[in-house]
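> Have a look at this one.
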Amino acid sequence: MSLPGLNAATPVEEDLPSEIHEIKEQSEWRFEVAFGSKVEVKLLSGSAEIFGTELAIKQPYIFVGTKAAIYTWHGCRIEVTGECQVEYIAEETPIISYANLHFALEKARDLAFSSLKDGPKVLIVGSDNSGKTSMAKFLTAYAVRSGRQPVAVNLDTREINVIVVLGSERLYSDLNRRFNGKSLSPGDSTVVIKLDKSGGCVDRDDSFRHQLREAQIREYFFGDLKNTLSPHTQQIDFSQLTIYRIPDASTEFSNSLLPGDYDADERPVQSVFEKVTSPTPQMQNAILAIMHAEPFDAQESIRDASVIGFIYVAEVDEKRKKLKILAPVSGRLPGKAIIWGKWPEGSEKLVG
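The opening residue of the sequence shown carries number 1 in the UniProt record's numbering; numbering runs sequentially from there.
Dropping the structure here:
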């Protein structure tokens, strides 16, 4: 399972300080590592896991730009090389309640299998920095360890039958009143569960989030410490690309501009996208999505298509109408529709 910030890779330089930590059973070592710094962790004895994923004995794990925790059920010894921004051992953790939720989901999966139904579809909600991603990683890892094949997505949900609320009493009360016992998925009633927020959850400020996004974009193109990738840079004529972008809110049609007796049914249909007809400086450092759709498919089909991959615009030559792009692989770009959106955000200095 891929965990951002965690790499089994080349060991940290030997001249950095090392320290041995003894972690008691059902406790966790919480730590934070700055971007630009590296910390190596080795499990010397016992058993331990991070976000539900087991660590191998004496295998070095490198952490960069990370806020995480290593948990042990039965006690362990770890060796830490390098300096953490923050580190401490906590004996009060929510892992037991997370594990109980996992076992409840396992029972639901077994019941669904025996009755030829779909397994549980879980929505995790909570305030910012409440541990939603950590819980999703934990439940996914434990499902994999149980021989399951879970699907973990960060999307708007449709049909769900389990809602997990982290930390917020008010949010739990609201969702419980609105959805508990009601059917949001055919043939199933919805269960709303509240779990405590982990004391290890820390605020991630805008600077940390920005650096994390930059690191993830760079990893997409160049790989990580363990698996180095070789992206391909090329010059391409703008005329060879069909690029669409979502219209700005300021260009959208407004009801306030219509006469009072105007029939709403006669209102012009707002396009999903607008075609980019020429290269602009604003495209530099942008991340473009190549879609599984033909350039002149219906805009709704392009919008609903899956993404083949992403390319990065390193330079824009307006006069020659050329783009210098970075692609994950060499060769010609597929002749598909391309979307230029506001997300993922652009990344500066990806290519020198």
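All C-beta atoms, glycine included, are put in the ideal place defined by N, C-alpha and C.
What you are looking at is a predicted structure, and each value in this text was computed from that prediction instead of being measured.
Need the endpoints of the alpha helix (DSSP H) that A104 sits in, please.
Reading the sequence shown from its first residue, position 104 is the one you call residue 104. From DSSP, the alpha helix (DSSP H) with A104 extends over I95 to S114.
> Would you call the segment 53-73 and the segment 115-131 in contact, with 3 or more CB pairs under 8 Å?
Too few Cβ pairs lie closer than 8 Å, so no.
> Starting from Q299, trace the alpha helix (DSSP H) in both directions and tell me its first and last residue.
By 1-based counting over the sequence shown, the position of residue 299 is 299. Start and end: Q299 to D304.
> What did DSSP end up calling L43 once you bin it into helix, strand or coil?
Position 43 of the sequence shown, counted from the first residue, corresponds to residue 43. Reduced to three states, the DSSP call for L43 is strand.
> Exposed or buried, what is T72 when buried is set at 16 or more other beta-carbons lying within 10 Å of its beta-carbon?
The residue you call residue 72 lines up with position 72 of the sequence shown. Per the 10 Å Cβ criterion, buried.
> According to the neighbour-count rule (16 or more other Cβ atoms, all chains shown, within 10 Å of its Cβ), is K132 buried or exposed?
Here residue 132 corresponds to residue number 132 of the sequence shown, with the count starting at 1. It counts as buried.
> How many angstroms separate the CA atom of E28 from the CA atom of P247?
In the sequence shown, residue 28 corresponds to position 28, counting from 1. In the sequence shown, residue 247 corresponds to position 247, counting from 1. Using only the alpha carbons, I get a separation of about 48 Å.
> Look at the alpha carbon of A152 and the alpha carbon of K121, and state the distance between them as a whole number of angstroms.
Here residue 152 refers to the residue found at position 152 of the sequence shown. Here residue 121 refers to the residue found at position 121 of the sequence shown. Approximately 10 Å, taken between the alpha carbons.
> What number of angstroms, rounded off, separates the C-alpha of A68 from the C-alpha of S230?
Counted from its first residue, the sequence shown places residue 68 at position 68. Counted from its first residue, the sequence shown places residue 230 at position 230. Roughly 29 Å separates the two Cα atoms.
> Go ahead and label F31 buried or exposed: buried means 16 or more other beta carbons lie within 10 angstroms of its beta carbon, across all protein chains shown.
As a first step, residue 31 is located in the sequence shown; it is residue number 31 there, counting from the start. Buried, because 16 or more other Cβ atoms sit within 10 Å of the Cβ of F31.
> Express the C-alpha separation of S130 and S198 in angstroms, rounding to a whole number.
In the sequence shown, the residue the question calls residue 198 occupies position 198. In the sequence shown, the residue the question calls residue 130 occupies position 130. Distance between the alpha carbons of S198 and S130: 7 Å.
> Can you name, in chain order, every residue of its own chain whose Cβ lies under 6 Å from the Cβ of M1, other than the five neighbours on each side?
Walking along the sequence shown from the start, residue 1 turns up at place 1. With a pLDDT of only 42 at M1, under 50, the local geometry of the prediction cannot be trusted, and no value is derived from it.
> G223 bridges to which residues according to DSSP?
In the sequence shown, the residue the question calls residue 223 occupies position 223. Note: G223 sits in a beta bridge opposite T228.
> So what does DSSP say about Q26, is it helix, strand or coil?
Sequence index remark: in the sequence shown, residue 26 carries index 26 (1-based). Coil.
> Select from T157, V125 and E300 the residue whose C-alpha is nearest the C-alpha of S168.
Translated into positions along the sequence shown, residue 168 becomes position 168. Cα-wise, what sits closest to S168 is V125.
> What does the Cβ neighbour count give for K349, buried or exposed, with the cut at 16 atoms within 10 Å?
On the sequence shown, residue 349 is found 349 positions in, with the first residue counted as 1. K349 should be labelled exposed.
> So, at 7 Å on beta carbons, what are the nonlocal neighbours of L326 in its own chain, with the 5 sequence-adjacent residues on each side left out?
On the sequence shown, residue 326 is found 326 positions in, with the first residue counted as 1. Correct list, in chain order: F221, P231, T233, I311, Y312, A314, L350 and V351.
> Start and end of the beta strand (DSSP E) containing T157?
Taking the first residue of the sequence shown as 1, we reach residue 157 at position 157. Looking at the DSSP string, T157 is not in any beta strand (DSSP E), and its letter there is neither H nor E.
> So for R77, helix, strand or coil by DSSP?
Position 77 of the sequence shown holds residue 77. It is a strand residue.
> What does the alpha-carbon distance come out to for the pair L323 and D203?
The residue you call residue 323 lines up with position 323 of the sequence shown. The residue you call residue 203 lines up with position 203 of the sequence shown. About 39 Å.
> Using CA coordinates, which residue listed in L166, E83, L241 and E91 is at the minimum distance from T196?
The sequence position of residue 196 within the sequence shown is 196, counting from 1. It should be pointed out that residue 196 corresponds to Asp in this sequence rather than to Thr. Checking every option, the nearest Cα to that of D196 belongs to L166.
> Which residue or residues does DSSP assign as beta-bridge partners of M291?
The residue given as residue 291 occupies position 291 in the sequence shown. BP columns for M291 point to V307.
> If you count every other CB in all the chains shown that lies within 10 Å of the CB of L241, and 16 or more means buried, which is it?
The count along the sequence shown starts at 1 and reaches residue 241 at position 241. That one is buried.
> What do you reckon, are the CB atoms on I89 and I23 nearer than 8 Å?
Start at 1 with the first residue of the sequence shown, and residue 89 comes out as number 89. Start at 1 with the first residue of the sequence shown, and residue 23 comes out as number 23. Taking 8 Å as the Cβ cut-off, I89 and I23 qualify as a contacting pair.
> Relative to the C-alpha of S185, which residue among D128, G200 and L123 is closest?
The residue given as residue 185 occupies position 185 in the sequence shown. Selected option, being the one with the closest Cα: L123.
> Name the two residues that bound the continuous beta strand (DSSP E) containing R145.
As a working note, residue 145 is residue 145 in the sequence shown. No beta strand (DSSP E) contains R145, which is instead part of the alpha helix (DSSP H) from K132 to R145.
> Compare the beta carbon distance of F51 and S146 with 8 Å and say whether it is the shorter of the two.
Reading the sequence shown from its first residue, position 51 is the one you call residue 51. Reading the sequence shown from its first residue, position 146 is the one you call residue 146. No.
> Counting C-beta neighbours from all protein chains within 10 Å, is the total for A298 16 or more, i.e. buried, or is it exposed?
Translated into the one-based positions of the sequence shown, residue 298 becomes position 298. Counting Cβ neighbours within 10 Å, A298 comes out exposed, since fewer than 16 surround it.
> In chain order, what residues of the same chain lie with their CB nearer than 6 Å to the CB of T157, ignoring the 5 residues before and after it?
Position 157 of the sequence shown, counting from 1, holds the residue named residue 157. Excluding residues within five positions, the ones whose Cβ falls inside 6 Å are L123.
> In chain order, which alpha helix (DSSP H) runs of at least 4 residues are fully inside the segment 163-210?
Listed in chain order, they are 169-179.
> With distance defined between alpha-carbon atoms, name the residue in E40, I290 and V86 nearest to R332.
Here residue 332 is taken as the residue at index 332 of the sequence shown, counted from 1. Taking only the C-alpha atoms, the option nearest R332 is I290.
> For A286 versus W343, is the C-beta distance shorter than 8 Å?
Here the question's residue 286 lines up with position 286 in the sequence shown. Here the question's residue 343 lines up with position 343 in the sequence shown. Cβ distance not < 8 Å, so A286 and W343 don't count as in contact.
> How many whole angstroms separate the CB atoms of R148 and R109, which I take to be in contact at a CB cut-off of 8 Å?
Here residue 148 is taken as the residue at index 148 of the sequence shown, counted from 1. Here residue 109 is taken as the residue at index 109 of the sequence shown, counted from 1. About 7 Å separates the two Cβ atoms, so the contact holds.
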